[in-house]
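What the sequence shown shows, in the working numbering, is residues 810 to 995, in sequence order.
Idealized CB from N, CA, C, for every residue including glycine.
If you're wondering where the values come from, they're calculated on a predicted model, not measured in any experiment.
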Amino acid sequence: SFDMFQANTGVKLEYNKLMIENANYTKAYVDKALRPLVRQLKDHPAVLCWEVINEPEGMLKSMGWSTVRAEMTDVLRFINLVAGGIHREAPRALVTVGSGLSMTANVGGMSNYYSDKNLIKAGGDKLGTLDFYEAHYYPQHEDEMTSPFHHPADYWKLDKPVMIGEFPAFGIKQFGKGFRPRTPLS
810 SFDMFQANTG VKLEYNKLMI ENANYTKAYV DKALRPLVRQ LKDHPAVLCW EVINEPEGML
870 KSMGWSTVRA EMTDVLRFIN LVAGGIHREA PRALVTVGSG LSMTANVGGM SNYYSDKNLI
930 KAGGDKLGTL DFYEAHYYPQ HEDEMTSPFH HPADYWKLDK PVMIGEFPAF GIKQFGKGFR
990 PRTPLS
């Protein structure tokens, strides 16, 4: 999660930065921690999919909100190498990244950062791609332009299925801060 780059959370920021920003550290994590974990859990009936990272845009220098920030190329390489490690260990596993549609859509000036092409270019692992996109939407942070509730799935012009992974369970309405939906939904 972007929380890997948040101060005062009890994490070792310097270690987390190395895991994201240094391919050798990422590969060590994949080989020594992730693949053994996937090996043990890959056939468990409660595992629907593997989410590589939650809201990585939060740790980006260009737009993030975490205390420490990384370059997009480093984050894409990390996602590519982790997804490749999961696919190697569990070829039938579904892999995704939880993110806002503004990071994956191909409409309205938005561009799909997590496309196969971008991920493979960043990390070089042809197996390091996503199987579907996982959209997060909170109206206090984004308006209807990026709302999966105000547009059908085909609107986003994505090359893979999209699942809504996070949203406010009590409806799309005015929260007293941030954006206000023009069309509230219960």
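Spatial neighbours of residue i in its chain, beta-carbon cut-off 6 angstroms, leaving aside the 5 residues before and after
i, result
"glycine 932", "Arg886, Asn889, Leu890"
"leucine 798", "Look at the range of the chain in this structure, 810 to 995, and you will see that residue 798 is not part of it."
"glutamine 815", "Ser875, Thr876"
Rounded separation between residue i and residue j - CA only
i, j, result
"methionine 954", "histidine 853", "38 angstroms"
"arginine 878", "lysine 821", "14 angstroms"
"methionine 919", "isoleucine 929", "20 angstroms"
Three-way DSSP call (helix, strand, coil) for residue i in this model
i, result
"tyrosine 964", "helix"
"methionine 872", "coil"
"tyrosine 946", "coil"
"threonine 905", "strand"
"valine 820", "coil"
"glycine 893", "helix"
"glycine 980", "coil"
"alanine 879", "strand"
"valine 884", "helix"
"glycine 974", "strand"
"aspartate 934", "coil"
Of the residues the options, the one placed nearest residue i, counting alpha carbons only
i, options, result
"proline 785", "Ala855, Ala914, Asn927", "Shown here, the chain extends from 810 to 995; a query on residue 785 therefore has no answer."
"valine 856", "Thr835, Leu822, Thr905, Val839", "Thr905"
"glycine 980", "Pro970, Thr992, Val971", "Thr992"
"leucine 938", "Tyr946, Pro845, Asp968", "This sequence places threonine at residue 938; leucine is not what is there. Ranking the options by Cα distance to threonine 938, first place goes to Asp968."
"histidine 950", "Trp874, Glu830, Thr835", "Trp874"
Cβ shell of residue i (< 8 angstroms), same chain only, five flanking positions each side left out
i, result
"asparagine 927", "Leu885, Asn921"
"threonine 835", "Met828, Ile829, Arg886, Phe887, Leu890, Val891"
May I have a chain-ordered list of the alpha helix (DSSP H) segments no shorter than 4 residues that lie completely inside the segment 837 to 867?
-> 844 to 850
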